[in-house]
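Sequential numbering of the sequence shown, starting at 597, is according to the numbering used here.
Every residue, glycine too, gets a C-beta built ideally from N, C-alpha and C.
Note sheet for the following structure.
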Amino acid sequence: PQDTSVLNYFDVTRELKRIGARFEVGGHWHRNVSLDYDGLPGVLDRSTLTAGRQPGYNVFTIRNDSVTVSERRLYGSTTVQMEPWYTRRLAEVKDTVTYDAYGLPASYPWMRYDVNNDSPVKEVWKLKDDSNIVAGFARTGKRAWYTTASGNVRCISVKDGRRIWSKRFPGKIFSTPAVQGKYLVFGCTDGNVYALNAKNGKTVWKYAARKSVLGSPVIFDDKVYVGASDGCFRALDLKTGKAVWTYSDVQGFIECRAFVDKEQVVFGSWGNRLYSLDPQTGALQWEWKCGKSSRMYSPAAVWPVKACGKIFIAVPDRRLYAIDAATGKELRHYEKSAREAVG
Numbered sequence: 597p598q599d600t601s602v603l604n605y606f607d608v609t610r611e612l613k614r615i616g617a618r619f620e621v622g623g624h625w626h627r628n629v630s631l632d633y634d635g636l637p638g639v640l641d642r643s644t645l646t647a648g649r650q651p652g653y654n655v656f657t658i659r660n661d662s663v664t665v666s667e668r669r670l671y672g673s674t675t676v677q678m679e680p681w682y683t684r685r686l687a688e689v690k691d692t693v694t695y696d697a698y699g700l701p702a703s704y705p706w707m708r709y710d711v712n713n714d715s716p717v718k719e720v721w722k723l724k725d726d727s728n729i730v731a732g733f734a735r736t737g738k739r740a741w742y743t744t745a746s747g748n749v750r751c752i753s754v755k756d757g758r759r760i761w762s763k764r765f766p767g768k769i770f771s772t773p774a775v776q777g778k779y780l781v782f783g784c785t786d787g788n789v790y791a792l793n794a795k796n797g798k799t800v801w802k803y804a805a806r807k808s809v810l811g812s813p814v815i816f817d818d819k820v821y822v823g824a825s826d827g828c829f830r831a832l833d834l835k836t837g838k839a840v841w842t843y844s845d846v847q848g849f850i851e852c853r854a855f856v857d858k859e860q861v862v863f864g865s866w867g868n869r870l871y872s873l874d875p876q877t878g879a880l881q882w883e884w885k886c887g888k889s890s891r892m893y894s895p896a897a898v899w900p901v902k903a904c905g906k907i908f909i910a911v912p913d914r915r916l917y918a919i920d921a922a923t924g925k926e927l928r929h930y931e932k933s934a935r936e937a938v939g
């Protein structure tokens with residue numbers, strides 16, 4: 597649905613109104629719902645199979661300037677057409693929403709950009725790439741590095757955003773790079789972890805995992821700590837790329853960046869688990885499981901943080917958890933609508 601469950605919902609509804617759209621259909625809630633998106637009518641569609649409900653689907657009938665929606669239920673080989681549950685005349689929709697100078701609607705609940713008018717932080721330069729930038733930046737000194745979904749690694753000047761070098765790889769890159777000294781390290785969906793010369797982009801080494809490497813690496817004590825999609829989390833030698841150790845009992849794939857210190861390596865996976873490993877040997881110290889069984893509630897996207905002997909994570913069940921760093925015991929959780937992007 598185009599509501600506050602989508603961060604920029606207002607951009608979508610504004611564009612739909614601009615191009616003359618008169619009706620919108622969605623299905624995220626898996627049930628029949630009539631909605632109004634700031635004047636743009638819409639419905640959410642039932643799922644074909646839902647526990648506790650008769651199998652079926654909706655039939656949309658569009659005639660001239662109207663739409664009618666009725667449910668058709670399945671009883672074995674027999675179908676039963678139900679009475680229409682939605683009828684609407686499809687008239688032209690005008691955008692009557694008031695937007696501020698930054699394009700946000702007055703009712704936007706989360707943030708206002710006008711605070712930037714009084715902020716000491718000012719934009720120095722802006723860079724637009726020809727591909728999506730879906731990971732973070734690494735920076736040291738006068739240079740910064742970033743990756744793109746089209747498989748590019750780029751080095752730019754911190755001063756003005758000028759491109760210094762760029763290198764293309766066979767797979768998409770969703771990994772935030774890490775840099776230390778001359779080494780720039782990242783994972784790629786072609787199944788490799790790469791280390792480049794940060795100065796010129798030449799490949800120093802690559803390590804082949806068995807599946808895509810979506811995780812973001814951490815460099816600590818001359819080791820590269822990174823997870824992959826092959827059920828493994830690895831520590832690699834920064835200089836040679838050889839595996840120091842491999843923990844091969846990860847449930848689900850890894851996309852996060854681990855927390856690493858001298859005591860532990862902590863990361864989550866899409867197997868509904870959070871792991872703590874010994875940074876020297878890779879031995880399992882403890883494993884924490886989310887209380888809900890669905891993998892959709894996995895602590896996988898969050899980058900764990902550690903403070904005062906506790907590990908803090910946000911999970912898709914919209915809770916913020918505090919976990920004892922030494923034992924993995926859940927100490928408490930906060931129900932403040934925390935999202936998994938918080939780390």
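- Between Val693 and Pro701, the CB-CB gap stays under 7 Å.
- Taking the C-beta atoms as reference points, Thr877 is found nearer than 7 Å to Trp841.
- The C-beta of Thr609 has 16 or more other C-beta atoms within 10 Å across all chains shown, which makes the residue buried.
- Take the alpha-carbon of Pro813 and the one of Ala897: they are about 14 Å apart.
- As for any beta strand (DSSP E) of minimum length 3 sitting wholly inside the region 831-883, the runs are 839-843, 861-865, 869-873, ordered along the chain.
- Taking C-beta separations shorter than 6 Å and ignoring five residues to either side along the sequence, the partners of Ser630 in its chain run Val639, Tyr682, following chain order.
- Ranked by how close their Cα comes to the Cα of Thr743, the residues Tyr709, Leu792, Phe849, Ala697 have Leu792 in first place.
- Taking the Cβ atoms as the reference, Arg759 lies roughly 5 Å from Ile752, within the contact range of under 8 Å.
- Put simply, the backbone Cα of Ser872 is about 17 Å away from that of Leu832.
- Relative to the Cα of Trp801, the nearest Cα in the group Lys906, Phe782, Gly672, Arg830 belongs to Phe782.
- Counting C-beta pairs closer than 8 Å gives fewer than three between the region 616-625 and the region 715-730, which falls short of the contact rule.
- Under DSSP, no beta-bridge partner is assigned to Gly699.
- Taking C-beta separations shorter than 6 Å and ignoring five residues to either side along the sequence, the partners of Asp756 in its chain run Trp721, following chain order.
- Assignment of Asp920 by DSSP, reduced to helix, strand and coil, places it in the strand class.
- Judged by their CB atoms, Tyr821 and Ala854 are nearer to each other than the 7 Å cut-off.
- Residues of the same chain with a CB within less than 8 Å of the CB of Ser844, apart from the 5 flanking positions on each side, are Gly827, Cys828 in chain order.
- Asp714 sits in a helix when the DSSP states are folded into three classes.
- Cys886 sits close to Tyr893, with the two beta carbons spaced by under 7 Å.
- Taking C-alpha positions only, Ser703 is separated from Lys838 by approximately 54 Å.
- Setting aside the 5 residues that flank it on each side, Thr646 is surrounded in the same chain by His626, each with a C-beta closer than 7 Å to its C-beta; the list follows chain order.
- Only residues of its own chain outside the window of five on either side were considered, and among them Gln847, Gly848 have a CB closer than 6 Å to the CB of Gly867, listed in chain order.
- Pro637 places its beta carbon less than 7 Å from that of Phe619.
- Between Ser825 and Pro766, the alpha-carbon positions lie close to 17 Å from each other.
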